[in-house]
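Take the position in the sequence shown, starting the count at 1, then add 117; the result is the number in my numbering. One structure below.
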Amino acid sequence: MAGKPVRPVNAIDQTRRMLSLVTYLKERPGARVEDVARAFGISEDELVSDLDVLPMCGTSFRGGDLLDIDTDGERIWWHNPDDVAEPLRIAADEATALLVAARAVATLPGLRESDRQALLRATAKVEAASGEAAGASARLSVTFEAEGGVFADVDRAISERRRLWIRYYSPARDEVTEREIDPIRLVSVGHTYVEAWCRRSEARRTFRLDRVAEIKILDEPSAPPEVELRDLSEGLVQPAAEDPEVVVEVGPGGRWVAEYYPHDSADELADGGLRITLRTPDPASLRRLALRLGRDGRIVSPPELADSARQAAREALAAYDGVEGQESHGTRVVQERQGDRQEQGL
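Below is the structure:
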């Protein structure tokens, strides 16, 4: 039994095991390592690994109440089981954080009324249990960015299986478009998004709620095709193998691109920069990246995208020069008029 574990190790299994291990060790001071490993069906190495983690655990995030557990390789000793076993009380800072967060969430427009009432009841119980510690929370409040109305409409459309009409701002194209979408689900990855089937593009698209300029719930039923929900644990943007390939070369000041953009490869260049190959379903969206990089980077391929980025840079520079010229012209006019007034004694 001291060799291989009985079942594959994962985070959930390990967490359950360690919770049981705390109770087991409290009741068996000086337990032998081999006996404990046999009882839990794990190897001695796995048990020692658990024991290395347990001293970093406790009853709160403030420290001072951590588990004091160690082993000499043969036996396991827990030196402060009585201290840790004392009944837990919520601290003032914990009560304040919990109550402020709960009250803020209760004000969200998209929250279902049954959930709101359940949250308010739970908040009242925490407030009563916290006593004086709850006083500070009444002087604090949190407000959320104004995407709540859009959230509420999307949430309602999903629950009622209805189609949505939206006016949506696309920063990649710098334009507002009108679309009808069949919402699939709401997701939160930094910002809040609705994943939906777009009837305009006849494809799955993701829309950021704070970029929705206008929204209406339609009478038409929502009928998105059967699509496999993506695993978003690796991020919202996950390029597919069939997406167009784009090559970008950046200097030392542009190496951050490899950290923020999913890519297939990033090869070192002689000047300390990188040659980055990436894929995107919308290559035109990278024009903004090229403009942002300036002298620190350029699009190499596809050629038409590189030409488009250069043209966008020329147009931006021309617009800047035009404004600068107008300012210079305006300054000369003012100076000339001031000179005329001085000559006339005005």
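For glycine and all other residues, C-beta sits at the position ideal for the given N, C-alpha and C. Note that the structure is a prediction, hence the values are computed from the model and not measured.
Query raised in the report: Quick check: the stretch 360–374 against the stretch 406–418, are there 3 or more CB pairs under 8 Å?
Result: Remark: three or more beta-carbon pairs, one from each stretch, lie closer than 8 Å, so the stretch 360–374 and the stretch 406–418 are flagged as touching.
Query raised in the report: So, helix, strand or coil for V363, using DSSP?
Result: strand
Requested in this report: State buried or exposed for S247, treating a residue as buried only when at least 16 other CB atoms are found within 10 Å of its CB.
Outcome: buried
**Report entry** Cut-off 7 Å between Cβ atoms - residues of its own chain near I334, not counting five sequence neighbours on either side
**Finding:** The beta carbon of I334 sits closer than 7 Å to the beta carbons of D270, R273, A274, R279, L281 from its chain, once the five residues preceding and following it are set aside; these are given in chain order.
Query raised in the report: L395: buried (16+ other C-beta within 10 angstroms of its C-beta) or exposed?
Result: buried
Query raised in the report: With distances taken between CB atoms, is the gap from V150 to E161 smaller than 7 Å?
Result: yes
Requested in this report: Taking D464 as the reference, give the member of E359, E385, V417, R134 with the closest Cα.
Outcome: In the structure as shown, the chain begins at 118 and stops at 463. Residue 464 is therefore absent and cannot be evaluated.
Report task. Excluding the 5 residues preceding and the 5 following S425 in the sequence, name in chain order all residues of the same chain whose CB lies nearer than 8 Å to its CB. Result -> A401, R404
Requested in this report: Please classify Y481: does DSSP put it in a helix, a strand, or coil?
Outcome: The structure shown does not extend to residue 481, since the chain spans only 118 to 463, so no value can be given for it.
Requested in this report: Can you tell me which of E163, D384, F324 puts its alpha carbon nearest to the alpha carbon of G190?
Outcome: Comparing Cα-Cα distances from G190 to each of E163, D384, F324, the minimum goes to E163.
Query raised in the report: Using the C-alpha atoms, what's the distance from S231 back to E297?
Result: 30 Å
Requested in this report: Look at I186 and A148 and say whether their C-beta atoms are less than 7 Å apart.
Outcome: no
Query raised in the report: With distances taken between CB atoms, is the gap from S418 to V364 smaller than 7 Å?
Result: yes
Query raised in the report: Expressed to the nearest angstrom, what Euclidean distance is found between the alpha-carbon atoms of E362 and R392?
Result: 13 Å
Query raised in the report: If we call anything under 7 Å between Cβ atoms a contact, is E292 one with R302?
Result: Result no, Cβ atoms of E292 and R302 do not sit closer than 7 Å.
Query - For E331 and S287, the rounded distance between their alpha carbons - result: 13 Å
Query - Beta bridge counterpart(s) of K333 as assigned by DSSP - result: W282
Query - Whether L237 touches A221 by CB criterion (7 Å) - result: no
Query - Assigned secondary structure, G389 (DSSP; H/G/I helix, E/B strand, else coil) - result: Coil.
Requested in this report: Using the Cα positions of R155 and S166, report the straight-line distance between them to the nearest angstrom.
Outcome: 15 Å
Query raised in the report: Can you name the start and end residues of the alpha helix (DSSP H) that S166 belongs to?
Result: 161–170
Requested in this report: Use the C-beta contact count for A212: other C-beta atoms within 10 angstroms, 16 or more gives buried, fewer gives exposed.
Outcome: buried
Query raised in the report: Looking at Y378 and V329, is the spacing between their C-beta atoms short of 7 Å?
Result: No.
Query raised in the report: Per DSSP, Y310 is paired with what?
Result: V304, R325
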